[in-house]
Amino acid sequence: MLLTLDIGNSEITAGVFRDQSLLRQWRISSLPGRTPDEWAVLMESFLTQAGYDPGSIMAVCLASVAPSITGGLKSGLAHLTGSEVAELRADSDVPLTLDVDEPLAVGADRIANSLGVLDAVHGDAVVIDFGTATTFDCVTADRRFIGGPIMPGLRTSADELTQKASRLPATELTAPSRVIARRTDDCIRAGVLYGAADAVDGMIGRIRGEWPTDVEPVVVATGGLADILVPFTTSVDRVTQGLTLEGIRVAAQHFGLTW
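Numbering of the sequence shown is given in the working numbering, commencing with residue 4 and proceeding in unit increments.
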């Protein structure tokens, strides 16, 4: 089996593949300071509780935007599985052209999203990844990543609002029944959720207006908060959880890993 990991600033998404099929995925808090041994114990626990023998992991591949975590986690995984840990980076040899001004600055998660959506859609697409930041990854059918806007994530915006405005309460990210809400916590939820949904639709409209081909791109959402926000949008065609991990799997195949 193949173990894939998408290492973000807030959380890590890990998934196990058998052949081309994603069998299971987990979300783990990206706490800094864990030692390689701690990472090994943690990952062993997730695998064994799901019924997978760590010894059956034949290959490991990851993409990271959190370098302070990556080194210790790679060491722990190598010790746990006995496999070399491959890493997808901006300079990796994968079937994607980074057609931007600063290709080496492109995040590995955006590369993975692009590989994943091209494997699924086989055409022009925009991946909206709802995480700590909300990224719009624009890719064309001829396998070019052409950039795309980045805006604050849904939870990031909500946390920033309640932290900077001391009299506003922290609240759960669930939708109120009305935009003109009557309770303060409902007003916050309405502003954050409906505001973010309208921002997404507005951004997709602008992206379509600048799209470099005559083909309408497919809009695919992924990430931990996609299921919360997408129902309030009108521009998203589908939600594909695990898309980033699928892209890491594509990279692993291109690296020559076998499992």
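The beta carbon of each residue, even a glycine, is placed where N, CA and C say it ideally should be.
If you're wondering where the values come from, they're calculated on a predicted model, not measured in any experiment.
query: Distance between T100 and R147 (C-alpha atoms, nearest Å); result: 5 Å
query: 3 or more residues per run - each beta strand (DSSP E) lying fully within the region 163-235; result: 221-225
query: Three-state class that DSSP yields for E105 in the structure shown; result: coil
query: For R27, the three-state DSSP class (helix, strand or coil); result: strand
query: Beta-carbon contacts of T73 that lie in its chain and below 7 Å, excluding the five residues immediately before and after; result: I10, S67
query: Rounded distance between the beta-carbons of F139 and I210, thought under 8 Å; result: 6 Å
query: Distance between beta carbons of L248 and L25, contact taken as under 8 Å; result: 6 Å
query: Contact belief for A202 with C64 at Cβ below 8 Å, rounded distance in angstroms; result: Not a contact, Cβ separation roughly 33 Å.
query: Unbroken beta strand (DSSP E) run spanning E87, endpoints; result: Segment: none, E87 is in no beta strand (DSSP E) and carries neither H nor E.
query: Three-way DSSP call (helix, strand, coil) for I114 in this model; result: helix
query: Element boundaries [alpha helix (DSSP H), containing I251]; result: 246-257
query: Helix, strand or coil at D122 according to DSSP, with G and I counted as helix; result: helix
query: Backbone secondary structure at A53 - three-state DSSP; result: coil
query: Simplified DSSP state of T73, which is helix, strand or coil; result: helix
query: For R21, the three-state DSSP class (helix, strand or coil); result: strand
query: Buried versus exposed, by CB contacts within 10 Å (16 or more), D96; result: exposed
query: Given 8 Å, three or more beta-carbon pairs between the region 124-137 and the region 215-235; result: yes
query: Proximal residues to P155 (C-beta, below 8 Å), its chain only, five neighbours per side dropped; result: A136, T137, E163
query: Status (buried if at least 16 other CB within 10 Å, exposed otherwise) for T84; result: buried
query: Nearest-angstrom Cα separation, counted from S238 out to M46; result: 37 Å
query: Residues of its chain near I153, where Cβ-Cβ distance is below 8 Å and the 5 sequence neighbours each way are ignored; result: A136, T137, T138, F139
query: For V239, the three-state DSSP class (helix, strand or coil); result: coil
query: Other residues of its chain near S33: CB distance less than 8 Å, five sequence neighbours each side excluded; result: I10, G11, N12, S13, E14, I15, A69, I72
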